[in-house]
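J.: There's a structure below that I have some questions on.
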Amino acid sequence: MAWTGGIVGVLVLAIALFLVLFDWNYLRGPIGRYASAKTGREIVLAGDLKVHVFSLKPSASVQGIRVGNPEWAGPGQTADIRKLDVQVKLLPLLVGQVELLNLQLDQAKVDLLRDRQGRATWDFSNGKKSKTPFKMPPIRRFVINDGHLKITDQKRKLMLNGEVNATEEMGRTGRGFLMTGEGALNGNRFLLRIQGGPLLNVDTRKPYPFDADIRSGATRVTAKGTITKPFDLGQFAMTATAQGPDLADLYDLTGVALPNTPPYRLSGRLSRDEHLYKIEGLGGRVGDSDLAGSLSVETGDERPYLKADLRTRSLDFDDLAAIFGGAPSRKAGETVSPQQAAIGRQMAAQRRLLPDSTLDVTKIRSLDADVRYRVAAIHDAVLPLRSGDVTVKLDRGLLSANPLILDLPQGRITGQAHLNARNAVPVTEVDVRLSNARLEQLIPIKGQPLAGSFVGRIKLKGSGDSVHRAAANADGEVLAVIPSGEIREAFAELLGINVTKGLGLLFSKDQGAVPIRCGVAHFQARNGVLTADRIVFDTQPVVATGGGSINLGSETLDLRIQGHPKALRLVRLLSPITVKGPILGPKVGIETGKALTQGGVALALASLVNPLAALLPFIDPGLAKDASCAALIAEAGREGAPVKRVAAKTARR
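Add 1193 to the 1-based position in the sequence shown for this note's numbering, that's all there is to it.
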């Protein structure tokens, strides 16, 4: 037994002497080949290798480490490190835990590449997506001397050349860690600056403070916060501020698709917990509107998932124009970016109402979302909108705004809109209803010549990668109904082209009104052209009928309205009123050579009103039974009745 113990002791001593005296450089080749086989790329240990194993804190030092690119990236080096020093705790290492007491990199050059397909040279997972964010092991002392970082991200269109230094003492900046970089992001100048305290005697149980300043063109993000667990980049918390000309530009920095907006400045508390990012206490301004709320982004799945609850106290309605590719108003005092101002000038020069900016469908397909947006007060809208509430969902390229609710002083606009961007050409569907509204509130004309209830519905479907192109080939229908109301008598007489009485009432400033029994305008949309196949406006002295079209492609009107007095008039023009020209600047005139006999009112009324019973349920099934509209329908249904009544009045005269 003594001899056995002696032999074992000699062997242990021999092994110890061997390890102490062993030239570890003999293992550089085998270590490099093993690492190359495991990573699928060439790894070379070209310089001196020293290892100290007889310690509870073993260490190693190696010079000339080169990590090659994967085959798809072509020739070149992902990393070239002049010298690497590392020291670990032995006991945790024996149970599979890595705790570094020291990590020092001298003259490390790192060149990172991601191609358009998303393949990255920093990805060593062999195509297997990691379920957890990147984490560095705990490091007690971390020093970087003269580090250089180059990033070429073809997917994000980023080119960055940076310098990284982590010293043991506070530098001139007052921080021990400093990373700076300069380059280009999507064609804009890109600047990066991140700084923190010395990475010396780092306690992994205490948060590590840092500041960040990132700029891309006119977009700037600043942050001040902490990494909850040092070297675990999967957890941090910060107060961040973002500002720039358009929220959509943040896609280049974050990979999260956001809508186009006017210039903005927003702040909030940003935190990360593994794949979940949260912004709480969000507040600031977008254009001339305030914005507040909270949002989160889950990045663990195939596409990021955005969930948000946003609120606005006071919305400048034209701030929403940028979402659809348009521009806010160009009047004095409006907040607008130079690019949006150029869009506004172009649309004004072309007398365009519908924006023609191309929709980026790739961004819509890159994100899933569930967003609720509530507005307490709306101002500067074409219609007198009071408040709004919309829920927007995005699922694999299908965007839905449902429900959409806009409140009026009296009445409400409700409906839904869908944008299907799953295919090559996006398809847009809109179905919006107007209920319980008042004409005098929707059309606030001085003196209020027209008043009454008003309902309507727009249902259109079109394809195209802009609002204008989708509208230019839209199919569907539009229906507007005045179930009851009143019109100033002077205008009713002029509508029937009764010049004598109408002008007399106007000049006398007579405010007398006559009832509106029912008014209906029905348009069928085919390939972007709204054709009026039913227009009738029935008052006590006059029935007006009309026709024509609205071309959404050329954005022009070609409408005519023919008045039919219910009694014989001595002075009456026998030509329709016309409305022609651009939607934004139509001209109203009298069409010559289109005379109609007064007795034609009966036939026109019968031919136009009879189909109303089928049309009115398109808005509301109860409209066909409405007292005023029902009377008009019934009258038109009595064959010959209007003709007989007009003829009798003519005979008496």
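Backbone N, C-alpha and C define an ideal beta-carbon position, used for all residues, glycine too.
1. Three or more C-beta pairs closer than 8 Å, one from the segment 1255 to 1274 and one from the segment 1288 to 1308: is that the case here?
2. Which partner residues does residue 1402 have in the DSSP bridge list?
3. Figure out for me which residue from 1252, 1288, 1273 has the closest Cα to the Cα of residue 1280.
4. Can you tell me whether DSSP reads residue 1765 as helix, strand or coil?
5. In terms of residue numbering, what span does the alpha helix (DSSP H) encompassing residue 1329 cover?
6. DSSP beta-bridge partners for residue 1372?
7. Just tell me which of 1586, 1531, 1508 has its CA closest to the CA of residue 1439.
8. Between the segment 1471 to 1489 and the segment 1540 to 1557, are three or more C-beta pairs nearer than 8 Å?
9. Hey, residue 1624 and residue 1662: beta-carbon distance below 9 Å or not?
10. Across the segment 1398 to 1412 and the segment 1333 to 1343, are there enough close Cβ pairs to call them in contact, namely three or more that are closer than 8 Å?
11. When we look at the beta-carbon of residue 1738 and count the other beta-carbons within 10 Å, is it buried (16 or more) or exposed?
12. Going by C-alpha distance, which of 1573, 1441, 1431, 1388 is nearest residue 1412?
13. Quick one, are the C-beta atoms of residue 1596 and residue 1604 less than 9 Å apart?
14. To the nearest angstrom, how far is it from the Cα of residue 1754 to the Cα of residue 1671?
15. Please state if the CB of residue 1709 and the CB of residue 1743 are separated by a distance shorter than 9 Å.
16. Residues in its own chain within less than 6 Å of residue 1593 by CB, not counting five upstream and five downstream?
17. Are the segment 1449 to 1459 and the segment 1416 to 1430 touching, with three or more C-beta to C-beta distances below 8 Å?
18. Tell me whether residue 1502 sits in a helix, a strand or coil according to DSSP, three-state version.
19. Which residue wins for smallest C-alpha separation from residue 1591, given the options 1614, 1352, 1569, 1644?
20. Rounded to the nearest angstrom, what separates residue 1385 and residue 1476 at their Cα positions?
21. Go to residue 1222, then tell me how far its alpha helix (DSSP H) extends in each direction, as first and last residue.
22. Drop a sphere of 10 angstroms on the beta-carbon of residue 1289, count the other beta-carbons inside from all chains shown, and report buried for 16 or more, exposed for fewer.
23. Can you list, in chain order, the residues of its chain whose CB lies under 7 Å from that of residue 1664, leaving out five sequence neighbours each side?
24. In the structure shown, what three-state DSSP assignment does residue 1447 receive?
25. Quick one, which of 1262, 1293, 1249, 1507 has its alpha-carbon nearest residue 1317's?
26. My parser needs the alpha helix (DSSP H) runs of 4 or more residues fully inside the segment 1631 to 1672; what are they?
27. Can you give the Cα-Cα distance for residue 1622 and residue 1471, rounded to whole angstroms?
28. DSSP three-state label for residue 1556, please.
29. Let me check understanding here. Comparing Cα to Cα, which of 1328, 1254, 1259 lies closest to residue 1226?
30. If we count Cβ pairs, one from each stretch, closer than 8 Å, do we get three or more for the segment 1454 to 1469 versus the segment 1559 to 1572?
31. When we look at the beta-carbon of residue 1542 and count the other beta-carbons within 10 Å, is it buried (16 or more) or exposed?
32. Only counting runs of 3 or more residues, tell me where the beta strand (DSSP E) segments fall wholly within the segment 1707 to 1753, in order along the chain.
33. Count the other CB atoms, across all protein chains shown, that sit within 10 Å of the CB of residue 1730; report buried if there are 16 or more and exposed otherwise.
34. If distances are taken between C-alpha atoms only, which option among 1382, 1468, 1727 comes closest to residue 1354?
35. Where DSSP assigns a beta bridge to residue 1273, which residues make up the other side?
36. Give me whichever residues DSSP pairs with residue 1293 in a beta bridge.
T.: Based on what the coordinates show:
1. yes
2. Counted from its first residue, the sequence shown places residue 1402 at position 209. For residue 1402, which the question treats as bridged, DSSP gives the partners 1419.
3. By one-based count along the sequence shown, residue 1280 stands at place 87. Of the listed residues, the one whose Cα sits closest to residue 1280 is 1252.
4. For the purposes of this step, residue 1765 is taken as the residue at position 572 of the sequence shown. Unreliable placement is indicated for residue 1765, whose pLDDT of 48 sits below 50; the coordinate value is still reported in the next sentence. It is a strand residue.
5. Stepping through the sequence shown from its first residue, residue 1329 is reached at position 136. From DSSP, residue 1329 is part of no alpha helix (DSSP H); its letter is neither H nor E.
6. Residue numbering aside, residue 1372 sits at position 179 when the sequence shown is read from its first letter. Residue 1372 pairs with 1357, 1387.
7. As a working note, residue 1439 is residue 246 in the sequence shown. It is 1531 whose Cα lies nearest to the Cα of residue 1439.
8. no
9. As a first step, residue 1624 is located in the sequence shown; it is residue number 431 there, counting from the start. As a first step, residue 1662 is located in the sequence shown; it is residue number 469 there, counting from the start. For residue 1624 and residue 1662, no; Cβs fall outside 9 Å.
10. no
11. The sequence position of residue 1738 within the sequence shown is 545, counting from 1. Under this definition residue 1738 is a buried residue.
12. Residue mapping note: residue 1412 aligns to position 219 of the sequence shown, counting from 1. When each option's Cα is compared against that of residue 1412, the closest is 1441.
13. One-based indexing of the sequence shown puts residue 1596 at position 403. One-based indexing of the sequence shown puts residue 1604 at position 411. Not in contact: residue 1596 and residue 1604 (Cβ atoms no closer than 9 Å).
14. Position 561 of the sequence shown holds residue 1754. Position 478 of the sequence shown holds residue 1671. Cα to Cα, residue 1754 sits roughly 18 Å from residue 1671.
15. To locate residue 1743, count along the sequence shown from 1; it is residue 550. To locate residue 1709, count along the sequence shown from 1; it is residue 516. No, the Cβ-Cβ distance between residue 1743 and residue 1709 is not below 9 Å.
16. Translated into the one-based positions of the sequence shown, residue 1593 becomes position 400. The residues are 1586, 1611.
17. no
18. To locate residue 1502, count along the sequence shown from 1; it is residue 309. Of the three classes helix, strand and coil, the one that applies to residue 1502 here is strand, per DSSP.
19. For the purposes of this step, residue 1591 is taken as the residue at position 398 of the sequence shown. Nearest of 1614, 1352, 1569, 1644 to residue 1591, Cα basis: 1614.
20. Position 192 of the sequence shown, counted from the first residue, corresponds to residue 1385. Position 283 of the sequence shown, counted from the first residue, corresponds to residue 1476. Whole-angstrom Cα-Cα distance: 24 Å.
21. Against the sequence shown, residue 1222 aligns to sequence position 29. Its alpha helix (DSSP H) spans residues 1221 to 1232.
22. Counted from its first residue, the sequence shown places residue 1289 at position 96. Exposed is the call here.
23. Reading the sequence shown from its first residue, position 471 is the one you call residue 1664. The residues are 1547, 1655, 1721, 1745.
24. Residue mapping note: residue 1447 aligns to position 254 of the sequence shown, counting from 1. Helix, per DSSP.
25. Stepping through the sequence shown from its first residue, residue 1317 is reached at position 124. Nearest of 1262, 1293, 1249, 1507 to residue 1317, Cα basis: 1262.
26. 1632 to 1635, 1660 to 1665
27. For the purposes of this step, residue 1622 is taken as residue 429 along the sequence shown, with counting starting at 1. For the purposes of this step, residue 1471 is taken as residue 278 along the sequence shown, with counting starting at 1. So the two alpha carbons sit approximately 32 Å from each other.
28. As a first step, residue 1556 is located in the sequence shown; it is residue number 363 there, counting from the start. Three-state DSSP puts residue 1556 in a helix.
29. Within the sequence shown, residue 1226 is the residue found at index 33, counting from 1. The candidate whose alpha carbon is nearest that of residue 1226 is 1259.
30. no
31. On the sequence shown, residue 1542 is found 349 positions in, with the first residue counted as 1. It is exposed - the Cβ of residue 1542 has fewer than 16 other Cβ atoms within 10 Å.
32. 1722 to 1732, 1735 to 1744
33. Here residue 1730 refers to the residue found at position 537 when the sequence shown is read from its first residue. So residue 1730 ends up on the buried side.
34. For the purposes of this step, residue 1354 is taken as residue 161 along the sequence shown, with counting starting at 1. Among 1382, 1468, 1727, the Cα nearest to that of residue 1354 is on 1382.
35. Walking along the sequence shown from the start, residue 1273 turns up at place 80. Answer is 1259, 1302.
36. Sequence index remark: in the sequence shown, residue 1293 carries index 100 (1-based). Paired residue(s): 1281, 1332.
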